[in-house]
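>
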Amino acid sequence: MEKIKLKNIRIYANHGCMAEEAKIGSFYLINLTVWMDLKMAGLSDNLTDTVNYGDLTNIIKAQMHKRSNLLENIAHRILFEINLQFPTINKAKISVEKINPPVNADLDTVKVTFKKKFN
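If you read the sequence shown in full-length UniProt numbering, its first letter stands for residue 1, the second for the next number, and so on.
1. Assess contact between the segment 35-42 and the segment 1-19, defined as three or more Cβ pairs (one per stretch) separated by less than 8 Å. Is contact present?
2. Give the range of the beta strand (DSSP E) segment to which T109 is assigned.
3. Whose C-alpha, out of I89, F86, T88, M64, is nearest the C-alpha of R77?
4. State the CB to CB distance for the pair K117 and K91, rounded to an integer number of angstroms; the pair is presumed to be in contact (CB under 8 Å).
5. Out of L71, H15, N104, L107, which one is the CA nearest neighbour of S94?
This is the structure we're talking about:
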């Protein structure tokens, strides 16, 4: 089974449990890998035989602009929407990473990763 990766999609959004996170916002990095049969696309050179990367990116952007307290909720919603819109995708892995999280530590990022089989 082949895979498609979208790497380091950078989005500014207002997520988090603290009130100031909702006001100020932060940058996030999203990485997505989807597994599906891409043999036909490799032979046909036709976009209809694969998943449009732009469509996957649009799902991520739409879900990132819906406020959440938890990164886990964002990751879950993105995977749910991908499964709903793309039945040809067999499995997906997503990481949602918050840059400079407001914690009392020298910490660059915090990241959650979900992996889900569909069908």
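Don't be surprised by glycine CBs; every beta carbon is placed ideally from N, CA and C.
Just so you know, these numbers come straight off a predicted model, no measurement behind them.
So, from the data block:
1. yes
2. 109-117
3. M64
4. 5 Å
5. The amino acid occupying residue 94 in the given sequence is Ile; Ser does not appear at that position. Selected option, being the one with the closest Cα: L71.
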